[in-house]
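Here the structure comes first, spelled out in structure tokens, and everything after it is commentary.
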Amino acid sequence: MLKKLFLVTTFVLFLAACLPSASATEDVQEQVNTAVAGTMLVNEQIDLAVEQTVAAGEAAASTEESANLDEVALQATNTLEPTVTPFVAATFTPTATPIPLKYTCAVYKKKPKDNETFSKNEEFDVKFTITNTGTRIWPKGVDFKYVGGTDLASPNRVEIPVALQPGQSYEVTLDGQAPDKKGFYVMTYFVDGPMCYGYIAINVK
């Protein structure tokens, strides 16, 4: 009997040793509960951070939109109305109209050409066209005559035998001859007044 009691007691003690104690189980449960609570707290903090971030973004977008609206409103307010430029009448300055001289003329030389070359003592034709460019009629007898330079043609004086109306012309023909020396020679003429000038310029080789 005592032997059985001893065996039963020993077995009970063995089982007691093998089974986890209530304190150990409670410690593990507390650790689990603590971990779960910590996880939940972290999740709550994450959710809060996300909510704050979203709220901040929405606030920034709202502020930017409001600023844009304010800028548009400011631009609309500051739009300048067109001003009317007063019309300035153009000032016209009268220009002086040139008054034609009463007695003027133009001499056009047909022959010889300027700087034309001739041999010594070579004969050539001299032709001038004289035009009345003034506003008065020339009476007949106006002279066209030699006035300076080398005497290259004859006669030295030609009397225009007709009256010349304004715009009319008369052709004078002379007989020219080159000097007997090489060089450059010029002979000048004028129409009585003197109203205008003509010239001969030749080279002698």
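Under my numbering, think of the first position of the sequence shown as 2, with each following residue one higher.
In this text, a Cβ means the ideal position worked out from N, Cα and C, and glycines have one as well.
What you are looking at is a predicted structure, and each value in this text was computed from that prediction instead of being measured.
State the beta-bridge partners of residue 134 as determined by DSSP.
-> BP columns for residue 134 are empty, so no partner.
From 148, 152 and 135, residue whose alpha carbon lies closest to that of residue 104 = The shortest C-alpha separation from residue 104 is found at 135.
Would you say residue 162 reaches chain B, if we count a Cβ-Cβ gap shorter than 8 angstroms as a contact?
-> Absence of chain B from the displayed structure is noted, only one protein chain being present.
Cβ distance (whole Å) where residue 108 is taken to contact residue 129 below 8 angstroms | Separation of the CB atoms of residue 108 and residue 129 is rounded to 6 angstroms, and the pair is thereby assigned contact status at 8 angstroms.
Where does residue 106 sit, in a helix, a strand or coil, going by DSSP?
-> The three-state secondary structure of residue 106, taken from DSSP, is strand.
Measure the CB-CB distance between residue 131 and residue 192 and report whether it falls below 8 angstroms.
-> Going by C-beta atoms, residue 131 is nearer than 8 angstroms to residue 192.
Look at residue 205 and residue 177 and say whether their C-beta atoms are less than 8 angstroms apart.
-> Taking 8 angstroms as the cut-off, the Cβ atoms of residue 205 and residue 177 do not count as close.
Nearest-angstrom Cα distance between residue 190 and residue 175?
-> Looking at the backbone, the Cα of residue 190 and that of residue 175 are separated by about 12 angstroms.
Would you identify the three-state DSSP class for residue 183, choosing helix, strand or coil?
-> In the structure shown, residue 183 sits in coil (DSSP, three-state: anything other than H, G, I, E or B).
What does a CB cutoff of less than 6 angstroms around residue 181 pick up in its chain, not counting 5 residues either side in sequence?
-> The answer, listed in chain order, is 121 and 122.
Nearest residue (CA-CA) to residue 140, options 160, 154, 187 and 114 = Selected option, being the one with the closest Cα: 160.
Skipping 5 residues on each side, what residues in its chain have a beta carbon closer than 8 angstroms to that of residue 168?
-> Within the same chain, residue 168 has close Cβ partners 132, 133 and 134.
What do you get for residue 80, buried or exposed, if any count of 16 or more other CB atoms within 10 angstroms of its CB means buried?
-> Low local confidence applies: a pLDDT of 49 at residue 80 is under 50, so the model's placement there is unreliable, with the coordinate-based value given in what follows. Answer is exposed; the Cβ neighbour count stays below 16.
Taking buried to mean at least 16 other C-beta atoms within 10 Å of its own C-beta, is residue 187 buried or exposed?
-> Label assigned to residue 187: exposed.
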